[in-house]
Structures are given as C-alpha cells and as structure tokens.
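This report concerns only the one structure given below.
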Amino acid sequence: MNPIRISPQKAFEETARFQQKLAAGLKTLRELDEVDYGATDKEEVYREDKLVLYRFKGVNKPTAKTPILIAYALVNRPYMVDLQDDRSLVKNLLALGEDVYLIDWGYPDFSDRYLTLDDYINGYIKRCVEVIAKRHKLSKINLLGICQGGAFSLCFASIYPEKIRNLITMVTPVDFHTPDNMLARWTRSMDVDLFVDTLGNVPADLMNWCYLMLKPVRLNQQKYIGLVDILDDKAELENVLRMEKWIFDSPDQAGEAFRQFIKDFYQANRLIEGGLKIGDKSVDLKNLSAPVLNIFAEQDHLVPPNASRALRGRTGNDDYTELAFKGGHIGIYVSGRAQREVPTAIHDWLAKR
0 MNPIRISPQK AFEETARFQQ KLAAGLKTLR ELDEVDYGAT DKEEVYREDK
50 LVLYRFKGVN KPTAKTPILI AYALVNRPYM VDLQDDRSLV KNLLALGEDV
100 YLIDWGYPDF SDRYLTLDDY INGYIKRCVE VIAKRHKLSK INLLGICQGG
150 AFSLCFASIY PEKIRNLITM VTPVDFHTPD NMLARWTRSM DVDLFVDTLG
200 NVPADLMNWC YLMLKPVRLN QQKYIGLVDI LDDKAELENV LRMEKWIFDS
250 PDQAGEAFRQ FIKDFYQANR LIEGGLKIGD KSVDLKNLSA PVLNIFAEQD
300 HLVPPNASRA LRGRTGNDDY TELAFKGGHI GIYVSGRAQR EVPTAIHDWL
350 AKR
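Quick note on numbering: the sequence shown equals residues 0 to 352 in numbering that gives the first Met the number 0.
Quick look at the structure:
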C-alpha cells in the first residue's frame, strides 16, 4: 500500500483554512443565543399527572375529518417532530390539512417509579384517544406511533381496535430479535430486576450513553470534529446545538414500565411470539383491524429495517403498506428529504382511506 503524500504547500493551506474557521467560530459562538425548539403554536387540551395532550394550530383550519394522535417514545422528548420551522413533521402535516395532536409524556420523577405499561397504554393513551374522539364526535381516530411509541400503539390498536381508524408506525420495532439489533443483544441477558430494584427509575444519562455507544466513533467523536466545517455558519451551528439539546434533554424512565418493556419486548419478544399482556389485556396483533402504514429508515441503527418489516402479515387487516425511507433513525424527522417525502406520504395514504 502506497503511503498518502501531502505536499508542504497543501498542508500549509489546510492549516491556514483550519485556523480561519476557528477564528470565525469564536466570533459566531459569541453571537449565538440560547437555541429553542418548536415551530408550531399549540394548545393544551388535556392534562393528567405529568402528561399533557396538545393540539397543534396550523395557519389554516384542518380539512381532514379524522385527527391524528402522535404517540412518541418515552425515552426522548417528542419535540423532535416539531424541532424547528424548516424541520417539522407536524408543520408539514398541518399544511396538508391534517389535524394533529401529540402526547407529551413529561419528565417522570421518583413518584412515578411504579407506573407500568398498563398505566401508559390502557391508561394514558386510552384516555387521550377518548378525549380527542369526544372533541370531534367520532368513535375512531388515527394513531401515529413513533419508535417505542409505535410499539405502544400496536398494543393499543390490538387491544382497542374499535378506537383506531388508521394506524401509522414510524421506525417502530416489532421483532426485537433480528440478528442486526445490537441494542436487543445488549439487553438479552440483562438482569433487569436487579437493575430496576437498585436504581428505581432509570437515569436518562445512562440511557443516552447506551445509545451513543451503539456508534461510539461517529456519535462521540466524528460529529464534533465536523463542527469545525460549520463554525462560521451561525444557522448551521444553531441547528447542531438544537439537536444536541434534544439528545441530552431526555426524561428518566419509570422503573416498572422499563422492567416490563425490557422483559416482554427485548428479552422474550412477546409482541410477535405471543403471550404479551398489558395489565389484564392480552395483545394479539391479529386483532389489529385498522389499515397500517409502516414507515422505517433504511440506515436505522436503533431499529433495524428488518425489525420493523416483521409487521407484514401479522395484523388482522390485509391493508398494509410499507414505506422505506433513505435515512437514519433521526433523519426520518429532520432531514430535507424527510420534509419532502414523509408528511406527503402519510397524508396521501390517509386521504385514500
């Protein structure tokens, strides 16, 4: 193998450019304000414990007859779907005429340690669905579940098929035992009882570092080295800082709900193997009677595509559609491609039903 040769002149030029970027960056950093998130006005329509149910307000009144409820994962804050003006799944859905609601789970504290999946699915989600249905004088609404919230939504739609008209899942794990699921491999032999009994609630920082270590070089080194290239661009730097704020603004996890999720989903794979119970309700995907749009990301390192594709043929309705997105777990919400493709795909799919 021939060594890479760099001329002294080229090395000097690159060093000079690097120094210029750093100098410009110092000026840019002094000009930065505190980054914020959320591009869309919203109103609170229901509150219970830490949970708040919001309805988003678009520029125009919605034209869709059936509203969408977004159920996000517990492990991150849901404002990823409305991060900023030019990166907002919510804003784009509203512009297409959809009527969008969102569950904000809040930040569990030690008083929430004993919340279970029964509380989240048969309690909180059920009551939010009923609030929305009552507001619109409907018996069924549309449900959009994202990541872990997608797994919750699959359970809910299986237990209460009479309440869901259409189900959309995004980057949702269904088969937790696919060979390429590193997170599942890590948790397979975990003593979750000892873990939860010792910690109570699961600290957000611990969860975050687990996710970052799935791609340690890329997520802990390369992205920060790459900051040098944009240090002189205030808008781009604010975008990065907004993403960093979201990554590390994570709630702790209620201990009992975490215990069951690891045991029943990651370890026993009961969502597809059978035997899953949420409270006193049995979950059978064949009872899910709503049409399903299953959206997954082809470069997803948290929820591999095969983990999501496993939903095909397992529900009780042949009206099943898959959408493969060329991107990753986060890019499916915030990339330019996502803004162009995902909201339109959701709207068009719903409009046909």
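Note that beta-carbon positions come from the ideal geometry of N, C-alpha and C, so glycine has one too.
Remember, it's a predicted structure, so these values are computed and weren't measured experimentally.
In terms of CA proximity to Thr62, Asp98 leads the group Leu310, Ala253 and Asp98. Ranking Gln83, Tyr71, Val128 and Asp85 by CA distance to the CA of Gly105 puts Tyr71 first.
A distance of 7 angstroms or more separates the beta carbons of Phe151 and Leu93.
When only Cα atoms are considered, Leu50 and Ile124 end up about 10 angstroms apart.
Judged by beta-carbon spacing, Asn200 lies within the 7 angstroms limit of Arg112, meaning their Cβ atoms are closer than that value. In this structure, Ile69 lies near Leu143, with their beta-carbon atoms less than 7 angstroms apart. For Leu143, the beta-bridge partners assigned by DSSP are Ile69 and Ile167. For Ile271 against Arg313, the beta-carbon gap comes to about 6 angstroms, under 8 angstroms, which counts as contact. Distance from Leu310 to Asn293 at the Cβ level is roughly 5 angstroms; contact confirmed, criterion being Cβ atoms closer than 8 angstroms.
A straight line joining the alpha-carbon of Arg308 with that of Trp348 spans about 18 angstroms. The beta carbons of Tyr100 and Gly37 sit no closer together than 7 angstroms. The beta carbon of Arg258 lies closer than 6 angstroms to those of Val191 and Val195 in the same chain, with the five residues before and after it left out.
When the beta-carbon positions are compared, Asn268 and Phe175 come within less than 7 angstroms of each other.
Gly335 counts as exposed, since fewer than 16 other C-beta atoms from the protein chains shown sit within 10 angstroms of its C-beta. DSSP places Ala350 in the helix class (H, G or I) of the three-state scheme. For Asn293, the beta-bridge partners assigned by DSSP are Thr168 and Glu321. Under the criterion of beta carbons closer than 8 angstroms, Arg241 and Leu82 qualify as touching, at roughly 6 angstroms.
Under the 10 Å beta carbon count, Ser138 is surrounded by fewer than 16 other beta carbons and is classified as exposed. Restricted to the segment 188-264, not a single beta strand (DSSP E) segment is unbroken, complete and at least 3 residues in length. Residues of the same chain with a CB within less than 6 angstroms of the CB of Tyr265, apart from the 5 flanking positions on each side, are Phe175, Ala183 and Thr186 in chain order. Residue burial annotation: Asn59 is exposed, with fewer than 16 other C-beta atoms found within 10 angstroms of its C-beta. Distance from the CA atom of Ala253 to the CA atom of Asp263, rounded to whole angstroms, is 16 angstroms.
Counting the other Cβ atoms within 10 Å of the Cβ of Thr177 gives 16 or more, which makes it buried. Counting only residues of its own chain and dropping the five nearest sequence neighbours on each side, Leu284 has a CB closer than 8 angstroms to the CB of Leu153, Ser157, Leu270, Ile271, Leu310, Arg313, Thr314 and Gly315. Going by DSSP, Lys133 is part of no beta strand (DSSP E) but of the alpha helix (DSSP H) stretching over Lys125 to His135. Exposure of Thr14 is indicated by the presence of fewer than 16 other C-beta atoms within 10 angstroms of its C-beta.
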